[in-house]
Each structure stands twice: as structure tokens, then as C-alpha cells.
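One structure is given here, and the rest of the page talks about it.
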Amino acid sequence: MPHSSSSSPVSTISNLRIRALILWSSKNYAIAAFVFLLLFSLTLFSHLDSRSRSHSRYPSHPRSTLVPLTLLHNANRTHALCLDGSAPGYHFQRGFGSGSRNWLLHIEGGGWCNSIASCTQRKFTHLGSSNYMEKSIPFSGILSSDPSQNPDFFNWNKVKIRYCDGASFAGHPESEQRGSELLFRGQVIWEAIMDELLSIGLSKAKQALLSGCSAGGLAALIHCDNFRQLLPKEATVKCLSDAGFFLDEKDISGNSIMRSFYHDVTQLQGLAKSLHKDCIDKMEPYKCLFPQEIVKNIKTPLFLVHPAYDFWQIRNILVPQGSDPLGHWQSCRLNIRNCNANMIDKLDGYRGSLLKTLNDFQQRKEMGMFINSCFIHCQTEMEVTWHSSNSPKINDKTIAESVGDWYFDREAVKRIDCSSFPCNPTCHNMDLT
């Protein structure tokens, strides 16, 4: 069980910083994701009607088909319910041709909630209730059915799993608090959605890839080996985490904000039962939520897509609100091009910590990685960063080409970008101003 608060590092950090991280993990995360997608769509798809673009978090590609939301059919019977008690959901597009028995599952991201108050706030958004989810969304990037945009997976069965539990599909109902009107059913949701997908064809998969973005990327890590176990032994099964490798690093003022935050998430929703037993036996459960510990025990082939200058981690782990009371970093946090030389040195140090943490992972031959030196967060869900003429590249390979090379064993893929910003002109760097 998680240690009590008296033995946790929570006391080392101000309520202001934790509150800032909570807010970024829900409402502001969605806003930033919307702005990110909108800016790219405005640039690339200017012929689309501007009014329709401005009302969706999922700007569509001209060739995209809207994929409807499916609510879990047996949600009430299995007690697999979102934070607010509504049924969880997913979007499913049937594969065709040579991909009719291949499956790609992609888990939505959106941070976490670490308290009754923040989870209550979250249940009034699409990240806590299917009542607020879009009824249909376009599939693009890794989910696209356009072979020019998604050359290796375009005709696979594709599923986008919506995220409404606030704990990367790892919470347990035993941790629910009477009177809170909140349900912690992440693990139950995962199992129920898998059962439903298995019943409609996943059980006969020849090839499968479990992927996810951000908190969904963390979920893909947590459930990777379980996903492998659900499918036929003869099937090729692998996993991908996009911007889901959250570091256990101190912020610029010396506080371990992410440790504090993960401690609270783990304790609130009882995540220990979903984490690897070998890790739990060695250390406090919240430490086992960090990807650096999870990957030590993953046996299934895994690919990491990750920006060395992940803007979410810079804004919430390295320089969270409250760590910079005089606002010296304010402009830099919004746009890396505004960072001075000393700030770039700090960011390079964070990049160095990432690569050092990944050293053992990199040595495992079945694992793959694409670590580019860009100021961005998730990169697999959009054509512009997944696979297009102006996508980010390392050694002249896009992310899609790199993932395909690794998945189909065309070559070993351990692509690590140049060493300091702004060294890669193909990057799509976010401007959050």
C-alpha cells in the first residue's frame, strides 16, 4: 500500500505548484492540445472552413472520415464507469484488405487528477465523463486510413480509447471514498474494453500495436504486457508510448513536484494493484508509476517516441508554476526560442537526464526509440508530425517510417537526435504564446 502522507514528499512542495499541475492535467491540457492541433491545421489545411475548425479539438484532414463514439455496451454490468458514473467509450474503424486481422489501439491522453477536488472538477469534462465527449472524431496520423499519411497501418482495425478515469486506466474501486460521488474504475475500464474488443475480432489478431499519447502513453506502458497476454501466442504484439516517458526529476527550485503528484494519484486511486509486483516489493508504489521503473519489467517489444524538449514536462516538471516566482522563465516556458543561453543549458541538462535514464532501455535489441530535439509533446496523432513532407525527421526518417521499420523488423531503430536546440530544422516547435 502507498505510504501515509506523513512519510511522503508532499510536504516539500507548495499547494500552488501542485494546483498548477492539476489544472494543467485537465482543462488546460485540453486547451493546449486544441491550440496545438488548430495551429497546425490552420497552416496546412487553410482551405477548410475556419469556423468549423475553431469548434473542434480534432481538426480534420480533407480525406479524414469521422469515426463515431461507441459507448461500452456492458458498462453497468461490469461496473466499468468513468469518474462521474457514465459509460466509457472508444472510436472504432474496421480494417480492410491485408489489414483486416491487424489491430492498432491508441489510448487518449489528458493528465491525471490527484485529489477529490481535482477529480470532481475533471468529471465535468470529456476527461471524466462520456457525456462531454465528441460524438465523432476524425482519425489522423497513426490512426489515418490514408496510405500516404499512414503507410504501414492505414488498413488496420483502429481504435481510439477515450480517457475518463484520471489515472491512466490503473485505478481501483476499493479506493473510492463514500460521499465523494467519484468512481475510480480505470483498471476495470481497461479490462472491460479489452473484453469487448476481443469479442469483435481482436482475439483473432495476427498483428497488434498498443499505443498512447501522454497519460495514454503511460497507460500503454502499464498495460503493455497484459495486452500481449490477451492475444494469440502466434500474433506479433508490440507497444508504443508517445510522450509518455515522464521523468522523476527535480524542478529548478529543487522540489520533486512529480514525485509528490504521482504519490497522491497512486494513493487516491489505489494504483499499486496495477503496477508491477517486483517493483512494488522494492520501493514505494508511486515510484513504480514512473516509466523508468515500468520499462525495467516490460517484456513486450516497446517503442518510445519522445521529444527531448517536451513542453509539457518543461512546464510542469522542470519549471512548474511557483518554481519561478519572479517570472524569469515565463517567456521561455511558452516558446523555447525565447530562452536565453543559461535556460537552454538547463533544458539540455533535462535532455541529458532523459537519455541517461534510457541508457539501459536503449541496449535492449527488441526495443526502439525516436528521440527528437523538438519543443513539442505528442507527435503520433497528427499527419504533420507523424508522416508528411515536412514532418520531423532523424536521419531523413519520419516518426511513421521509424515505427514501421521497428515494428516490421526492417531494421533496428534507436534514433536519437542532435544534441542541442535548435539543431533540427525539421522540428515543429510549439509557440504557446
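The sequence shown: position 165 = 165 (UniProt numbering), numbered continuously.
Glycine included, each C-beta is placed from N, C-alpha and C at the ideal position.
Bridge partners of Lys414 according to DSSP: Met369. For Lys356, the enclosing alpha helix (DSSP H) begins and ends at 341-357.
Going by beta carbons, Phe370 and Asn429 fall outside the 7 Å limit. Membership of Lys238 in the beta strand (DSSP E) is indicated by the continuous run 236-242. The secondary-structure analysis by DSSP pairs Cys213 across a beta bridge with Asp242. In the three-state DSSP reduction, His263 falls in the helix class (H, G or I). Gly99 sits in a helix when the DSSP states are folded into three classes.
Note that the C-beta distance between Gly109 and Gly216 is below 7 Å. The Cβ atoms of Val67 and His106 lie no closer than 7 Å to each other.
Rounded to whole angstroms, the gap between the alpha carbons of Pro320 and Ile252 is 9 Å. The C-beta distance from Ile142 to Asn150 rounds to 6 Å, short enough to meet the 8 Å contact threshold.
Between Ser373 and Cys418, the C-beta spacing is below 7 Å. The beta carbons of Ala205 and Leu231 sit about 5 Å from each other, so the pair counts as a contact at 8 Å. In the three-state scheme derived from DSSP, where H, G and I count as helix and E and B as strand, Val319 is classed as coil. Ala170 is the residue among Gly85, Gly97, Ser140, Ala170 whose C-alpha sits nearest the C-alpha of Trp112. Secondary structure within the stretch 62-146: the alpha helix (DSSP H) runs of 4 or more consecutive residues, fully enclosed, are 75-78, 116-122 (chain order).
Secondary structure of Leu271 (DSSP, three-state): helix. Under the three-state reduction of DSSP output, Gln177 falls in the coil class, being neither helix nor strand. Residues Tyr90, Phe92, Leu105 of the same chain have their beta carbon placed closer than 6 Å to that of Val159, with the five preceding and five following residues left out of the count. By the criterion of at least three beta-carbon pairs nearer than 8 Å, the stretch 244-262 is in contact with the stretch 285-296. Per DSSP, the unbroken beta strand (DSSP E) holding Lys158 starts and ends at 157-161.
One thing to note: Pro301 has its Cβ no nearer than 7 Å to the Cβ of Glu401.
Beta-bridge partners assigned by DSSP to Asp310: none are found. Annotated three-state conformation of Ala208 is strand, per DSSP.
For the pair Lys299 and Asp225, the CB atoms are nearer than the 7 Å cut-off. Just so you know, the alpha carbons of Gly254 and Thr65 end up roughly 47 Å apart.
In the DSSP assignment, the residues bridged to Lys397 are Ile394. Nearest C-alpha to Pro138 among Glu196, Asp165, Phe124, Leu69: Leu69.
Judged by pairs of C-beta atoms under 8 Å, the stretch 333-349 does not touch the stretch 393-412, as fewer than three such pairs exist. Boundaries of the alpha helix (DSSP H) harbouring Thr385: 383-386, taken from the DSSP string.
Judged by DSSP in its simplified three-state form, Asn297 adopts helix.
Cys119 has its alpha-carbon roughly 7 Å from the corresponding atom of Leu182.
For Met194, the enclosing alpha helix (DSSP H) stretches over residues 186-199. A straight-line Cα-Cα distance of about 45 Å links Ser175 and Pro147. Residue state for Asn226 is assigned as helix, using DSSP reduced to three classes.
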